[in-house]
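Letter by letter, the sequence shown follows residues 1161 to 1243 in our numbering. Just so it is clear, CB atoms sit at the ideal spot from N, CA and C, and this is done for glycine as well.
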Amino acid sequence: MKMSPTVIICPGNGCTNIRRSNWYGELYNQLREHDIPCVCENFPDPHRARRDIWIPFIESLAVKGKASSSNDSEKEESKSNGT
């Protein structure tokens, strides 16, 4: 089973809806169009961006992204095997 990396889009301070802020949503859409696993979620504590809050959140996104990539890889493998 081949696992592909997952892109995690991390916003700057002050973004309360990151898909509508700057270029984050457009990048997310373009990556998804090319079947590149991507996570684009609002971050907690968006105005102060405290490390003790953001780092655990990013780590949780990485775990979620790995699970999502793994599931996507399994689906692709099933398609290519005809199952």
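| query | result |
| --- | --- |
| Name the two residues that bound the continuous alpha helix (DSSP H) containing Asn1182. | From DSSP, Asn1182 is part of no alpha helix (DSSP H); its letter is neither H nor E. |
| Given Leu1191, which residues of its chain have a CB within under 7 Å of its CB, disregarding the five upstream and five downstream residues? | Val1167 and Cys1198 |
| By DSSP, does Ile1213 sit in helix, in strand, or in coil? | helix |
| Exposed or buried, Pro1171, counting other C-beta atoms within 10 Å across all chains shown (16 or more means buried)? | buried |
| For Ile1178, count the other beta carbons within 10 Å of its own beta carbon; 16 or more makes it buried, fewer makes it exposed. Which is it? | buried |
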